[in-house]
Amino acid sequence: MPTAPLTAVPLRSWRIELRALAAVVAAYAAIRTFGLVVLQGAAGADAYDKLRAWDGAWFIRIATEGYPSELVLITVRDDSSGGLAFFPLYPMLMRALASIGLEPMVAGLVITVIAGIAAAIGIYAVAREVLSPRAAFLAVLLWAALPMSIVLSMVYSEALFTALAAWALWASLRERWLLAGVLGFAAGLTRSVGIAVGIAVTVAAILAWRRGRRGWRPVAGSVVALAGVPTWWVIVAIISGRVDGWFAVQDFFWGSKVDFGADLARVGWQMLTFSGRYDDLTRVVYSTAVVAMIVCGALAVDLVRRALRDSRWAPLATYAVVAIGLAIGSAGFVHSKVRFIVPVFVLVCALAGAMGRWSLWARVAGVLVMVVVGAWWSTLMLTLWPYAI
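Numbering (UniProt numbering), first residue to last: 1 to 389.
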């Protein structure tokens, strides 16, 4: 049976809670440190530079130079407009820290480390609303060990987004609507999947309304939480002079657009039938991405099943369904879809709930396997895989 929510624990138990939170932070730090050690072993002197690869280079560029003032879509060789695809909160925080003397990359890593710790605690807090303390702790471990969790140690926005998403969902579960709205808005200014956070907060507000918790706060929180992503779309539209400016940048430079899963299905069929012109490494990476999306879809369905039995799961299930739906339903960069799982932390809550009933040694073995596989896959993608992660 789930225990009392984190904020409802009697005052005399806060010492126990603080020890639990210390264990969460220590375990998260240990898993991330192991991932970095594995990367160092594979990349050697290049390991530090790997932490700013791909999107990290874009964030550093934006933090240093700012956003472009116009949209130029003539050739991909001229990528001066590519920065408009990246949501502003993370690079602007980097820019703010850089203004007080930090190197942009160091600023990005500082934000990532702090946000990662906040995310781990937030995930534990959310999981405590629906799971036992043991299962909630397992959820944090599983999330920290996910394949591509290396981005939680890179100049990438996943750690910041996950922290904002987790605490927004926690606030909605605790019916702190204005806090949920502000955090949801911030999540929407961090990544496009922030729209899933806004929808989840709205679902929580609707359920509270149906329970008689009416007033202006649930409405205001929902509206604010939903506004983050569209706000950036509008800003890019103004800069570019076209309504679909952000979508045009995504499509032109990265081939990313809504196709309702057609591209993933095509690649999945090619992997299944060994058709198409792919080398062995590409087949391994693409096959893994396809299988990962199938597994995530199954976990999302399980969350929906839980939500139908217990309404507390409804916002979490909503977030998972929308976020995974966006990952599956977007064309391009099939190999990046494994990374897109990292912010969808609620998926591991269902798995952690099941693992919480395992024996101690089974739980330890399961977590260790996840940690090793996650570190290995992250390192493979940063060292052997020649394309963006």
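Built from N, CA and C at the ideal position, the CB exists for glycine as well.
Remark: C-beta atoms of Phe137 and Trp232 do not approach each other more closely than 7 Å. Per DSSP, Arg339 is one residue of the alpha helix (DSSP H) stretching across Lys337 to Phe340. Restricting attention to Ser153, Thr112 and Ile111, the CA atom closest to the CA of Gly374 is found in Ser153.
Gly188 and Gly198 do touch by the CB rule: their CB atoms are close to 6 Å apart, below 8 Å. Assigned with DSSP and collapsed to three states, Val344 falls in coil, not helix or strand. In the structure shown, the three-state DSSP call for Ser153 is helix.
Residue state for Val372 is assigned as helix, using DSSP reduced to three classes. A residue is called buried when at least 16 other Cβ atoms come within 10 angstroms of its Cβ; Leu36 meets this threshold and is buried. Of the candidates Ala20, Thr288 and Gly245, the residue whose Cα lies closest to the Cα of Pro133 is Ala20. Membership of Leu131 in any alpha helix (DSSP H) is not indicated, and neither H nor E is assigned to it by DSSP.
Rounded to whole angstroms, the separation of the alpha carbons of Val130 and Ile389 is 33 Å.
In this structure, Tyr124 places its C-beta atom within 7 Å of the C-beta atom of Val140. In this chain, Thr190 is not harboured by any alpha helix (DSSP H), its DSSP state being neither H nor E.
Gly184 and Ala225 do touch by the CB rule: their CB atoms are close to 3 Å apart, below 8 Å. DSSP places Val76 outside both helix and strand once states are collapsed to three, so it counts as coil. Going by DSSP, Val249 is part of the alpha helix (DSSP H) stretching over Gly245 to Trp254. Contact annotation: Ala289 and Val334 have beta-carbon atoms nearer than 7 Å. When Cβ pairs closer than 8 Å are counted between the two stretches, the stretch 212 to 223 is seen to touch the stretch 168 to 185, the count reaching three or more. By the beta-carbon neighbour count (other beta carbons within 10 angstroms, threshold 16), Ile16 is exposed. As the crow flies, the alpha-carbon of Val243 is around 14 Å from that of Ala85. Taking every protein chain shown into account, the CB of Asp46 has fewer than 16 other CB atoms within 10 angstroms, so this residue is exposed. Pro315 and Ala205 have their C-alpha atoms some 9 Å from each other.
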